[in-house]
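Sequence lines, in order, name chains A and B.
Residue 156 in my numbering is what sits at position 156 of the first sequence, and the numbering runs on without skipping anything.
Residue 49 in my numbering is what sits at position 49 of the second sequence, and the numbering runs on without skipping anything.
Written below as structure tokens is the structure these notes are about.
Number of protein chains: 2
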Amino acid sequence: MADPDSAAEPAFQPEAPSSAAVVGCGVIGAAWASRLVLSGVDVAISDPSPDAAAIMREVLANAVLAWDDLGLDTSSRGEWRMATSVADAVTNVAFVQESVPERPDIKAAVLAEIEAAANPTTLIGSSTSGIKPTTLQATMTHPERLVVGHPYNPVYLLPVVEVVGGEATPIETIRRAQSIYAGIGMHPVHVRVEIDAFIGDRLLEAVWREALWLVNDGVATTQEIDDVMFYGFGLRWAQMGLFETYRVAGGAGGFRHFIEQFGPTLEWPWTKLMDTPDFTPELVDTIVAQSDEQSGAHDVRELERIRDRNVVGFLKVLEQNRWAAGKAIAAQRERES
Amino acid sequence: MADPDSAAEPAFQPEAPSSAAVVGCGVIGAAWASRLVLSGVDVAISDPSPDAAAIMREVLANAVLAWDDLGLDTSSRGEWRMATSVADAVTNVAFVQESVPERPDIKAAVLAEIEAAANPTTLIGSSTSGIKPTTLQATMTHPERLVVGHPYNPVYLLPVVEVVGGEATPIETIRRAQSIYAGIGMHPVHVRVEIDAFIGDRLLEAVWREALWLVNDGVATTQEIDDVMFYGFGLRWAQMGLFETYRVAGGAGGFRHFIEQFGPTLEWPWTKLMDTPDFTPELVDTIVAQSDEQSGAHDVRELERIRDRNVVGFLKVLEQNRWAAGKAIAAQRERES
Numbered sequence: 001m002a003d004p005d006s007a008a009e010p011a012f013q014p015e016a017p018s019s020a021a022v023v024g025c026g027v028i029g030a031a032w033a034s035r036l037v038l039s040g041v042d043v044a045i046s047d048p049s050p051d052a053a054a055i056m057r058e059v060l061a062n063a064v065l066a067w068d069d070l071g072l073d074t075s076s077r078g079e080w081r082m083a084t085s086v087a088d089a090v091t092n093v094a095f096v097q098e099s100v101p102e103r104p105d106i107k108a109a110v111l112a113e114i115e116a117a118a119n120p121t122t123l124i125g126s127s128t129s130g131i132k133p134t135t136l137q138a139t140m141t142h143p144e145r146l147v148v149g150h151p152y153n154p155v156y157l158l159p160v161v162e163v164v165g166g167e168a169t170p171i172e173t174i175r176r177a178q179s180i181y182a183g184i185g186m187h188p189v190h191v192r193v194e195i196d197a198f199i200g201d202r203l204l205e206a207v208w209r210e211a212l213w214l215v216n217d218g219v220a221t222t223q224e225i226d227d228v229m230f231y232g233f234g235l236r237w238a239q240m241g242l243f244e245t246y247r248v249a250g251g252a253g254g255f256r257h258f259i260e261q262f263g264p265t266l267e268w269p270w271t272k273l274m275d276t277p278d279f280t281p282e283l284v285d286t287i288v289a290q291s292d293e294q295s296g297a298h299d300v301r302e303l304e305r306i307r308d309r310n311v312v313g314f315l316k317v318l319e320q321n322r323w324a325a326g327k328a329i330a331a332q333r334e335r336e337s
Numbered sequence: 001m002a003d004p005d006s007a008a009e010p011a012f013q014p015e016a017p018s019s020a021a022v023v024g025c026g027v028i029g030a031a032w033a034s035r036l037v038l039s040g041v042d043v044a045i046s047d048p049s050p051d052a053a054a055i056m057r058e059v060l061a062n063a064v065l066a067w068d069d070l071g072l073d074t075s076s077r078g079e080w081r082m083a084t085s086v087a088d089a090v091t092n093v094a095f096v097q098e099s100v101p102e103r104p105d106i107k108a109a110v111l112a113e114i115e116a117a118a119n120p121t122t123l124i125g126s127s128t129s130g131i132k133p134t135t136l137q138a139t140m141t142h143p144e145r146l147v148v149g150h151p152y153n154p155v156y157l158l159p160v161v162e163v164v165g166g167e168a169t170p171i172e173t174i175r176r177a178q179s180i181y182a183g184i185g186m187h188p189v190h191v192r193v194e195i196d197a198f199i200g201d202r203l204l205e206a207v208w209r210e211a212l213w214l215v216n217d218g219v220a221t222t223q224e225i226d227d228v229m230f231y232g233f234g235l236r237w238a239q240m241g242l243f244e245t246y247r248v249a250g251g252a253g254g255f256r257h258f259i260e261q262f263g264p265t266l267e268w269p270w271t272k273l274m275d276t277p278d279f280t281p282e283l284v285d286t287i288v289a290q291s292d293e294q295s296g297a298h299d300v301r302e303l304e305r306i307r308d309r310n311v312v313g314f315l316k317v318l319e320q321n322r323w324a325a326g327k328a329i330a331a332q333r334e335r336e337s
């Protein structure tokens, strides 16, 4: 079933992979593995860190809580195991998701290890948030089976995944990736033009840059910036995004009226401050201290559970209202039944 | 009761104004008037447009639906009336909120009309999203009673209001404004340093700029950009904002670890594309057509009701979880009881 949101894109059938490997098991890799396991897929995990298995157990526990709370089936889980090597993890699996550190040299070395042991037709998704797939493909022997599949944390709850092909990626590989990601409950967005940082991180970096200036210049604290977001426009973006929100703001005149009314402000001086502050030790200290004051009362695991409980609540609301991310949950529930 | 989120700020007592005028009754002004009416405040509305009364009735109807759905008391409403002039509206009221078009010359003329008739101690809040209060104060006879009180639409639902003083604004005026805004259920964030566009619109403009490039360059459609937001990071920002989200991403190492891990990517080339595309007729046509395809199945009033139902659902979830914007609703409910 094609997503009705992407009318211009050909149909694909959601279908979970028959088996999978997760290479790199930090917060992102463990969340991928958790989503796969909860979707009934057996997963082999490779990570050299002695902490990897503990991270996996903690993240999976959070994921089970969240899916239970959403009322999704968590009873028919796949098995997971820590593999002894990349080769051990990827041998004879249908799908590999790579989530190693964000350095081109590390990515290239790990992709070489994956290719040395995996079946040549095994689909490989990379979690990179910024490196172009064509760059990753440059040193691969079978580059045609690589896509970027860029998720957003918590991967076991947020449905979106940006699917990006490189110069060597045929459209069939894109479709296979969309099918696999949709099969584990996700909403794949095909990024049709290959650019650094894709769609979401372009937007995130723009906000991050501006927020750093506000802290650097002493205009606002981390708490004040976050307050403006979650008492304000964050409640809009969880359900309509930027353009649909502004369409509504334009009133009956639609988007043309909105641009006529507000477009010219883009030429005002306040939008020209676009370089980036240096991460001086002083700026880092300021941010760390403000963040500690803002959020230090909760440890990170506790914050993760709070976050998940909130997102679960939002997803239930959206599913009931048949809107936005609620559609991904509804589709998943329908396939379960 | 001071908000515990703003520990560094002295306490203020929430107290709705005894009466109010709303000058300028477009979507924003009507939503201010609705929030005031639902908070039990009598409101006189001034707007030269023949459509103003109809806009007020439509927006108030949406606001009543939303507050009923939230379970807030909508029975003890204030009265509202369309005034015959600015002078008629503002004479003998305790509080004036100005929401006329975003042009310094229009704002100056309207502020002069307000001052000519209002009591000299009447607090005046301006809804401007970008003009500095010092600029607005330049031509005023009693500039010491002006603040910017910048809200986010829908004003009757989203709690945040940025309170910004100009050079002529004493701290007592800031406190009175915080007290009034909190008294009608809002979460005032004092923007302590006066800059163009304040906090929120800095962040919004950064995203808008980047999104325009993505559409302009044909990288993504308005639908694809919105999808990445509301299937993804929008669900984070409705509850934690930017900094708390990244703190969690940093894991047990906290914000310092996050910056060490991700800060350097700011120096990568993809963050340097920071000028703004021209609003050529072609770009406007592209955005309008994409927005029509994305959202054209619903008219704007319908989209507003969908938006409100979603936000109400989010606010209920957050109130139950005692988190973020849910705290503003909880405080309001407590004062009602």
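We treat Cβ as the ideally placed atom computed from N, Cα and C, and that holds for glycine.
I'd like the span of the alpha helix (DSSP H) that includes residue i, first residue to last.
{"i": "MET82 (chain A)", "result": "MET82 (chain A) -> not in any alpha helix (DSSP H); beta strand (DSSP E) instead, spanning 80-82."}
{"i": "LEU123 (chain B)", "result": "Not the alpha helix (DSSP H): LEU123 (chain B) falls in the beta strand (DSSP E), residues 123-126."}
{"i": "PRO133 (chain B)", "result": "133-137"}
{"i": "VAL300 (chain A)", "result": "300-320"}
{"i": "ALA331 (chain A)", "result": "326-336"}
Excluding the 5 residues preceding and the 5 following residue i in the sequence, name in chain order all residues of the same chain whose CB lies nearer than 6 Å to its CB.
{"i": "PHE12 (chain B)", "result": "ARG175, GLN178 and SER179"}
{"i": "ALA330 (chain B)", "result": "GLU319"}
{"i": "SER46 (chain B)", "result": "VAL23, ALA83, VAL86 and ALA89"}
{"i": "TRP67 (chain B)", "result": "LEU38 and THR74"}
{"i": "PHE255 (chain B)", "result": "ARG247"}
{"i": "ALA20 (chain A)", "result": "LEU36, VAL41, VAL43, VAL93 and PHE95"}
{"i": "ALA344 (chain B)", "result": "Within the shown structure, residues of chain B are numbered from 1 to 337, placing residue 344 (chain B) beyond reach of any answer."}
{"i": "ALA197 (chain B)", "result": "GLY130"}
{"i": "GLY250 (chain B)", "result": "HIS257 and PHE258"}
{"i": "VAL64 (chain B)", "result": "THR74"}
{"i": "THR91 (chain B)", "result": "ALA117"}
I'd like the list of long-range same chain contacts for residue i, defined as Cβ closer than 7 Å, with 5 residues on each side in sequence excluded.
{"i": "VAL155 (chain A)", "result": "ILE28, ALA31, TRP32 and ARG35"}
{"i": "ASP201 (chain A)", "result": "SER129 and GLY130"}
{"i": "ASN62 (chain B)", "result": "GLU304, ARG305 and ASP308"}
{"i": "SER49 (chain A)", "result": "none"}
{"i": "PHE314 (chain B)", "result": "ALA238"}
{"i": "ALA220 (chain A)", "result": "LEU214"}
{"i": "ALA53 (chain B)", "result": "MET82"}
Who are residue i's beta bridge partners in DSSP?
{"i": "GLY165 (chain A)", "result": "A:VAL147"}
{"i": "PRO281 (chain A)", "result": "DSSP output for PRO281 (chain A) lists no bridge partner at all."}
{"i": "ALA20 (chain A)", "result": "A:VAL43 and A:PHE95"}
{"i": "PRO120 (chain A)", "result": "DSSP, once it has assigned bridges, lists no residue as partnering PRO120 (chain A)."}
{"i": "VAL160 (chain A)", "result": "A:HIS187"}
Taking 8 Å as the limit between beta carbons, can you name the residues of its chain near residue i, skipping five residues before and five after?
{"i": "THR173 (chain B)", "result": "LEU123, GLU144, ARG145, LEU146, VAL147 and GLY165"}
{"i": "ILE225 (chain A)", "result": "ALA211, LEU214 and VAL215"}
{"i": "ASN328 (chain B)", "result": "The residue asked about is misnamed: residue 328 (chain B) is Ala in this sequence, not Asn. Excluding positions up to five away in sequence, the list reads PRO159, GLY185, MET186 and HIS187."}
{"i": "VAL110 (chain A)", "result": "VAL23, GLY24, VAL86, GLU98 and VAL100"}
{"i": "GLN261 (chain B)", "result": "GLY250"}
{"i": "ARG236 (chain A)", "result": "THR245"}
State the CB to CB distance for the pair residue i and residue j, rounded to an integer number of angstroms; the pair is presumed to be in contact (CB under 8 Å).
{"i": "TYR181 (chain A)", "j": "VAL163 (chain A)", "result": "7 Å"}
{"i": "ALA206 (chain B)", "j": "ARG209 (chain A)", "result": "7 Å"}
{"i": "THR222 (chain A)", "j": "VAL215 (chain A)", "result": "6 Å"}
{"i": "GLY241 (chain A)", "j": "GLY234 (chain B)", "result": "7 Å"}
{"i": "SER338 (chain B)", "j": "HIS142 (chain B)", "result": "Here chain B covers residues 1 to 337 and nothing more, so residue 338 (chain B) does not appear."}
{"i": "PRO159 (chain A)", "j": "GLY125 (chain A)", "result": "Contact doesn't hold; Cβ gap of about 15 Å is too wide."}
{"i": "PHE243 (chain B)", "j": "SER76 (chain A)", "result": "So it is not a contact: roughly 38 Å between Cβ atoms."}
{"i": "PRO104 (chain B)", "j": "GLU194 (chain B)", "result": "Their Cβ separation, rounded to whole angstroms, is 15 Å, which puts PRO104 (chain B) and GLU194 (chain B) out of contact at 8 Å."}
{"i": "GLU167 (chain B)", "j": "MET140 (chain B)", "result": "Contact doesn't hold; Cβ gap of about 12 Å is too wide."}
{"i": "ILE259 (chain A)", "j": "ILE199 (chain B)", "result": "About 24 Å separates the two Cβ atoms, so there is no contact after all."}
{"i": "LYS316 (chain A)", "j": "LEU72 (chain A)", "result": "The pair is not a contact, with the Cβ atoms about 11 Å apart (cut-off 8 Å)."}
{"i": "ILE55 (chain B)", "j": "GLY78 (chain B)", "result": "Not really, about 18 Å apart at Cβ, beyond 8 Å."}
Given that residue i touches chain E, what residues does it touch there, using C-beta distances under 7 Å?
{"i": "ASP308 (chain A)", "result": "In the structure shown, chain E does not exist; the protein chains are A and B."}
Alpha helix (DSSP H) runs wholly inside the stretch 38-107 of chain A, at least 4 long, in chain order: Complete alpha helix (DSSP H) runs here, min 4: 52-70 and 86-90.
Extract the residue ranges of the beta strand (DSSP E) inside the stretch 215-241 of chain A, only unbroken runs of 3 or more that lie entirely within it. none
At 3 residues or longer, what runs of the beta strand (DSSP E) sit wholly inside the stretch 164-212 of chain A? Segments of the beta strand (DSSP E) lying fully in the stretch 164-212 of chain A: 187-191.
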